[in-house]
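Enquirer: Each residue of the sequence shown is one higher than the last, beginning at 96 in the numbering used here. For each residue, glycine too, the CB sits at the ideal point set by N, CA and C. Remember, it's a predicted structure, so these values are computed and weren't measured experimentally. One structure follows; several queries about it will come next.
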Amino acid sequence: KPKTPNQVPSFSHLPRPSHKPRTMSLAGTDIQKLEELAKKPYKEQAVWFLNAFWAERQGDAERIWKYVEKFASLDLQRGAAGFELDELNGHRFLESFGETMTVREMRDTLRSKGAIGDKVKTFPLVHYLAIRYNIDWHVLVNAPQGK
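Structure (structure tokens):
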């Protein structure tokens, strides 16, 4: 039977989920949580950050989405499914937004705060966001994320 233009489709025939929604969280120590968060795709890293600091950072949401898009465009291997840039593309990212900090300076800052070890040579979005917005990464990885 043809639908009229104003008729709203019914989805009552679809099965209802049998499980209850659960709160997203990361597992392990805080450093393990940061490592897990840094392995999520760029968009998920940004969503986690915005959920954690929405009250303080909602005015930066558009800019953060530009960061997500730039990370994805610079990630020639994985694109939007990627989760970290190599050092050269990390520098390109910083230059594209007029940042004066180098990737090395950013890593040194994260090391001084105990967030990363000595051998880290990659550039996840969440590391940049933590430094750019001067947030406590412990608060970030333990922030409630909703359902």
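Comparing alpha-carbon positions, which option in 172, 141, 135 lies nearest residue 225?
Expert: Cα-wise, what sits closest to residue 225 is 141.
Enquirer: If we ignore side chains and look at the alpha-carbon of each, how far apart do residue 119 and residue 151 end up?
Expert: Each residue's Cα considered, the two are about 21 Å apart.
Enquirer: Am I right that residue 37 and residue 177 are in contact with their C-beta atoms under 8 Å? What's the rounded C-beta distance?
Expert: Only positions 96 to 242 of the chain appear in this structure, which leaves residue 37 out of reach.
Enquirer: Tell me whether residue 171 sits in a helix, a strand or coil according to DSSP, three-state version.
Expert: It is coil, neither helix nor strand.
Enquirer: Exposed or buried, residue 227, counting other C-beta atoms within 10 Å across all chains shown (16 or more means buried)?
Expert: Classification for residue 227: buried.
Enquirer: For residue 231, count neighbouring Cβ atoms within 10 angstroms of its own Cβ and tell me buried if that reaches 16, exposed if not.
Expert: With fewer than 16 Cβ atoms within 10 Å of its Cβ, residue 231 is classed as exposed.
Enquirer: On the DSSP bridge assignment, give the partners of residue 219 in chain order.
Expert: 179, per the DSSP bridge assignment.
Enquirer: Relative to the alpha-carbon of residue 238, which residue among 188, 161, 143 has its alpha-carbon at the smallest distance?
Expert: For residue 238, the nearest C-alpha among the options comes from 143.
Enquirer: Report the rounded CA-to-CA distance for residue 194 versus residue 235, giving the unit in angstroms.
Expert: When rounded, the distance between both Cα atoms is 22 Å.
Enquirer: Roughly how many whole angstroms lie between the Cα atoms of residue 198 and residue 208?
Expert: Their Cα atoms are separated by approximately 16 Å.
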